[in-house]
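From first to last, the protein sequence lines are chains A and B.
Using the working numbering, you'd call the opening residue of the first sequence number 33 and step up by one each time.
Using the working numbering, you'd call the opening residue of the second sequence number 269 and step up by one each time.
C-beta: ideal position from N, C-alpha, C; glycine also.
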Amino acid sequence: MPPTYAQHQPVIQPAILAFLLSLLGFIFASFYSLDLQWRALFSGTAIHTSADFFHGFLPPALTHAFLLKVGQATLETLAMSAVGTGIACFFGSALALPASGRLGTWARRATRLLLNLLRSIPELVWALILLIAVGLGPFAGTLALAVHTTGVLGRLMADALENLPTEMEASLQVNDASPAAAFCYAALPQVLPQWMSYTLYRWENNIRAAAVLGIVGAGGLGQMLKFHLALFQMQEAATVIIATLLLIALVDSASFKLRHQFSA
Amino acid sequence: MSADFSCPPDPAWRSRVTALLIALIVLWPLLVASEFKPWQLFDKQSLDATGHFLRGFFPPAHSKEFLLLLLEATWQTIAIATAGLTLALLAAIPFTLLATETLSISRLESGHMRFISLLIRQTARWILVLLRSVPELVWALLLVRIFGLGPTAGVLAIALTYSGMLGKVYAEILESSDARTTQVLLRNGSGRLAALCYGVLPATAAELVSYTAFRWECAIRGSVVMGFVGAGGIGQRMDESMKMLAGDEVFTMLLVFLLLVACADFVSSFLRKRLV
Numbered sequence: 033m034p035p036t037y038a039q040h041q042p043v044i045q046p047a048i049l050a051f052l053l054s055l056l057g058f059i060f061a062s063f064y065s066l067d068l069q070w071r072a073l074f075s076g077t078a079i080h081t082s083a084d085f086f087h088g089f090l091p092p093a094l095t096h097a098f099l100l101k102v103g104q105a106t107l108e109t110l111a112m113s114a115v116g117t118g119i120a121c122f123f124g125s126a127l128a129l130p131a132s133g134r135l136g137t138w139a140r141r142a143t144r145l146l147l148n149l150l151r152s153i154p155e156l157v158w159a160l161i162l163l164i165a166v167g168l169g170p171f172a173g174t175l176a177l178a179v180h181t182t183g184v185l186g187r188l189m190a191d192a193l194e195n196l197p198t199e200m201e202a203s204l205q206v207n208d209a210s211p212a213a214a215f216c217y218a219a220l221p222q223v224l225p226q227w228m229s230y231t232l233y234r235w236e237n238n239i240r241a242a243a244v245l246g247i248v249g250a251g252g253l254g255q256m257l258k259f260h261l262a263l264f265q266m267q268e269a270a271t272v273i274i275a276t277l278l279l280i281a282l283v284d285s286a287s288f289k290l291r292h293q294f295s296a
Numbered sequence: 269m270s271a272d273f274s275c276p277p278d279p280a281w282r283s284r285v286t287a288l289l290i291a292l293i294v295l296w297p298l299l300v301a302s303e304f305k306p307w308q309l310f311d312k313q314s315l316d317a318t319g320h321f322l323r324g325f326f327p328p329a330h331s332k333e334f335l336l337l338l339l340e341a342t343w344q345t346i347a348i349a350t351a352g353l354t355l356a357l358l359a360a361i362p363f364t365l366l367a368t369e370t371l372s373i374s375r376l377e378s379g380h381m382r383f384i385s386l387l388i389r390q391t392a393r394w395i396l397v398l399l400r401s402v403p404e405l406v407w408a409l410l411l412v413r414i415f416g417l418g419p420t421a422g423v424l425a426i427a428l429t430y431s432g433m434l435g436k437v438y439a440e441i442l443e444s445s446d447a448r449t450t451q452v453l454l455r456n457g458s459g460r461l462a463a464l465c466y467g468v469l470p471a472t473a474a475e476l477v478s479y480t481a482f483r484w485e486c487a488i489r490g491s492v493v494m495g496f497v498g499a500g501g502i503g504q505r506m507d508e509s510m511k512m513l514a515g516d517e518v519f520t521m522l523l524v525f526l527l528l529v530a531c532a533d534f535v536s537s538f539l540r541k542r543l544v
């Protein structure tokens, strides 16, 4: 006789059921309140307009002079991201010291609050605010990247510092080294590789961010895209989008290779 | 006699100085290209403009109509993120099923996939790559041209970008789980969907949901930012106030925005803690 198995019906706990139902209600409320133009979305005219719109992109503008301009904007985007990340690396590591609790609990709390504040406001919002201070152009974008990334890097670097084993630094200090020297010769060499990898990772992120920052007027490829779209020069806009995609793909593959090399 | 530890010369100073100089020389064109002019921050005109704008921050705008307007815009932002993510999920699931290698029957039998399966799988992956490589802001910018100002463009932009991200990461999560259960089910004649539901999903469900919650949090940030190109929500209002240099309104919105991000962060980390 084959053994009989008790059939276990899956039991859904009431709390989970309530959660799922409220999630469903939440999603439904979202769709309901948004006044989406479903009809426009699936009507023949919308498909027609979209087709027309994307057809306008062809062929991308490939004149020599224009490509030169796109190249320049690409370089500008790269420069914005590199300089922004560099500044952020400097200030982030400077703020990581108080944020890791080396200068007392209160300094730690205050610095962490500042870092959180810098980090929670996205680059684009920073760019909008900084546009008022420094005017249109890549400098505003660079600063925006720097400010936001300082928040991110400062926190990551402080966490790395806090997670260090403390014995080496303590032993240097017991043997009469000054706190600064103990930090430089015991803690710093240990965290430096991690700090570098965080910085490189953020740089990769920032190249993507820099490519779109220009849409609010902060220089680079984004500004060009916005400009040509505003003038309905679709073919030029198409070239800029392709350049953006190429830049992102290039950065992705480069960082993928670099990481493989370092981890191997 | 105590040894003299006072100031040992740095044995590597020569290479350090050289590296610094080379870095500066390489950095120079970058500084030029990014129009790095810090003194611009401190010239009189920009200091005046900034000071004027910052002075306008206090007191933050708190009239009743404005707060009501802001509440509506905040809800719109949340709704755009939620609706966009729901659509992204609906699109990502079929792509995930197409792209996941663990569910390949032909690979199971012969060790390598049939050509057609491989082709379909690779096509699905390339579509996902294409969807997520275009930044959401660029999608929004383009869609605003088609659907006009308002939330439709925002919802679609999030749906397009995030379906690419979700599809890719879901497939990776499914493939990283132990494949043996699924293989046993498939070998014994179970269908692919049943193999997915009883083989892969029980092991990966928590991770899948937790990643989705994380993406929802990202979508809220994204939907604020997309407002700047006219896709509705709190971002659009912030852009308008910024253009009118209404500092008090901007300040209130920044506060609300920080609160919103903190709440989303809290909700998603709460969910993730409960799950994993």
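Whether residue i touches residue j by CB criterion (8 Å)
i: S445(B); j: A359(B); result: no
i: A447(B); j: T370(B); result: yes
i: T429(B); j: E404(B); result: yes
i: A120(A); j: T174(A); result: no
i: G422(B); j: G501(B); result: yes
i: G495(B); j: G503(B); result: yes
i: V402(B); j: L277(A); result: yes
i: G116(A); j: A178(A); result: yes
i: V529(B); j: T345(B); result: no
i: G124(A); j: M189(A); result: yes
i: G169(A); j: E475(B); result: no
i: S113(A); j: W227(A); result: no
i: L196(A); j: A219(A); result: yes
i: L107(A); j: A301(B); result: yes
i: K305(B); j: F51(A); result: no
i: L193(A); j: V223(A); result: yes
Residue-chain proximity (residue i, chain A), Cβ-Cβ < 8 Å
i: W296(B); result: no
i: M510(B); result: yes
i: A317(B); result: yes
i: A271(B); result: For A271(B), the predicted structure reports a pLDDT of 48, less than 50, and the residue's modelled location is therefore unreliable. The matter cannot be settled from this model.
i: T286(B); result: no
i: P419(B); result: yes
i: Q308(B); result: yes
i: L461(B); result: no
i: V535(B); result: no
i: L304(B); result: One detail in the question is off: residue 304(B) reads as Phe in this sequence, not Leu. So yes, F304(B) belongs to the interface.
i: L464(B); result: no
i: F325(B); result: no
i: R505(B); result: no
Extent of the continuous alpha helix (DSSP H) run through residue i
i: V406(B); result: E404 to F415
i: E303(B); result: That residue, E303(B), is in no alpha helix (DSSP H); it is neither H nor E in DSSP.
i: P46(A); result: P46 to L66
i: D533(B); result: G515 to L543
i: I338(A); result: Missing from the structure shown is residue 338(A); chain A here goes from 33 to 296 and no further.
i: H330(B); result: Run containing H330(B): none; DSSP gives neither H nor E here.
i: W307(B); result: Taken as a continuous stretch (DSSP letters only), W307(B) belongs to no alpha helix (DSSP H), as it is neither H nor E.
i: R448(B); result: R448 to R455
i: N207(A); result: Premise fails: N207(A) is in no alpha helix (DSSP H) and is neither H nor E.
i: F264(A); result: Per DSSP, F264(A) belongs to no alpha helix (DSSP H) and is neither H nor E.
i: L110(A); result: H96 to A131
i: L386(B); result: F383 to S401
i: N237(A); result: L220 to L245
i: R505(B); result: G501 to K511
i: L175(A); result: P170 to E194
Counted within 10 angstroms of its Cβ, other Cβ atoms place residue i as buried (16 or more) or exposed
i: E517(B); result: buried
i: L339(B); result: exposed
i: S283(B); result: exposed
i: G136(A); result: exposed
i: Q255(A); result: buried
i: H260(A); result: buried
i: A439(B); result: buried
i: R455(B); result: exposed
Contact with chain B by residue i, beta-carbon distance below 8 Å
i: A126(A); result: no
i: A111(A); result: yes
i: Q69(A); result: yes
i: S203(A); result: no
i: T106(A); result: no
i: V248(A); result: yes
i: I59(A); result: yes
i: G76(A); result: no
i: P211(A); result: no
i: S132(A); result: no
Check: residue i C-beta below 7 Å from any heavy atom of the ligand GDP
i: G498(B); result: With respect to small molecules bound, the structure shown includes none, and the ligand GDP cannot be examined in it.
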